[in-house]
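Trainee:
Residue numbers (the numbering used here): 4 to 99.
1. With distances taken from CA atoms, which of 51, 30 and 49 is nearest residue 113?
2. If you follow the alpha helix (DSSP H) that residue 85 is in, where does it begin and where does it stop?
3. From the DSSP output, in three-state form, read off residue 69 for me.
4. With distance defined between alpha-carbon atoms, name the residue in 37, 17 and 44 nearest to residue 54.
5. Would you kindly work out how many angstroms separate the C-alpha atoms of residue 61 and residue 9, rounded to a whole number?
6. CB-CB under 6 Å to residue 58, same chain, minus the five flanking residues each way: which ones, in chain order?
7. Looking only at its own chain, which residues have a Cβ that is under 7 Å from the Cβ of residue 15, when we skip the five neighbours before and after it?
8. Sort 26, 35 and 56 by Cα distance to residue 45 and report the nearest one.
9. Could you compute how far the alpha carbon of residue 97 sits from the alpha carbon of residue 34?
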C-alpha cells in the first residue's frame, strides 16, 4: 500500500512539473505576441502545489519570470516541501 502511495505521488509530481513547464512556455509565447496572459497566481499555484521543479526549469529554459523574486521564493519553497514529503513517503514505504 505504501509503495502505491509513493508511486502515485511521484507520478503526480512528474505530471505537475510537465504542466508547469508547459504553462511557463505558453505564457512566454503569449507575452511575445502581446496576447492575453496566464495569471501569475496560476503559475505560482502550479509550482507550489506540485510542479516546482517544472516551474523552475521553465523559468530557466524559457527565461520567463526570472526577475520576479517571489517566483523564485514560491517555487523554491515548493521544491522543499515536495521533496520533504517524497522523502517521508520513501522512508515510510521501505520501513514498514
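All C-beta atoms in this analysis are idealised placements derived from N, C-alpha and C, irrespective of residue type, glycine included.
Mentor: Taking the structure as given:
1. Nothing can be reported for residue 113, as the shown portion of the chain is limited to 4 through 99.
2. 72-97
3. coil
4. 17
5. 25 Å
6. 23, 50 and 78
7. 53
8. 26
9. 46 Å
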